[in-house]
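Numbering follows the numbering used here, in which position 21 of the sequence shown is assigned residue number 21; successive positions increment by one, without gaps. Following: one structure in structure tokens, then a few remarks.
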Amino acid sequence: QVQLVESGGGLVQPGGSLRLSCAASGSIFSPQAAMGWYRQAPGKQREFVARIRPDGSTNYADSVKGRFTISRENAKNTVYLQMNNLELEDTAMYYCKDLFANSWGQGTQVTISS
1 QVQLVESGGG LVQPGGSLRL SCAASGSIFS PQAAMGWYRQ APGKQREFVA RIRPDGSTNY
61 ADSVKGRFTI SRENAKNTVY LQMNNLELED TAMYYCKDLF ANSWGQGTQV TISS
């Protein structure tokens, strides 16, 4: 079983930045597992945000490309999502996912408001 704990969410103004963290643990967690960030806004379906593969290659949703950066620190079993130039439309609950184990974290709320 894999446990994922997200942190770093909060309330920021448009144009601001946040860095989300996802700490992974558990008996079957692989430090080399592909990891992803997803988000769900009120009344909308959960959507893909970013993914990082074991080889370090990354993919992003078009809506966040150039503003968000996913990275990982294997020694700490942690995946990060650096979010810059935040927009009102980025408001959502952000979830981390272990793509190999198909496990989700509990989410961290990101709210963009002036």
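Beta carbons: idealized from backbone N, C-alpha and C, even for Gly. No experiment lies behind these values; they were computed from the predicted model shown.
* Count the other CB atoms, across all protein chains shown, that sit within 10 Å of the CB of Lys97; report buried if there are 16 or more and exposed otherwise. => buried
* To do: Return the Cβ separation of Gln82 and Phe68 in integer angstroms, given the expectation that the two are a contact with Cβ distance under 8 angstroms.
  => 7 angstroms
* DSSP-derived helix/strand/coil call for Lys97 -> strand
* Boundaries of the beta strand (DSSP E) in which Ala24 is found, first to last residue -> Leu18 to Gly26
* Going by CA-CA distance only, name the one from Ser30, Ala75, Ala33 and Tyr95 that's closest to Gln45. => Tyr95
* Asked: Under the three-state reduction of DSSP, which class applies to Ala33: helix, strand or coil?
  -> coil
* Assign Arg51 to one of two classes, buried (16 or more other C-beta atoms within 10 Å of its C-beta) or exposed (fewer than that). => buried
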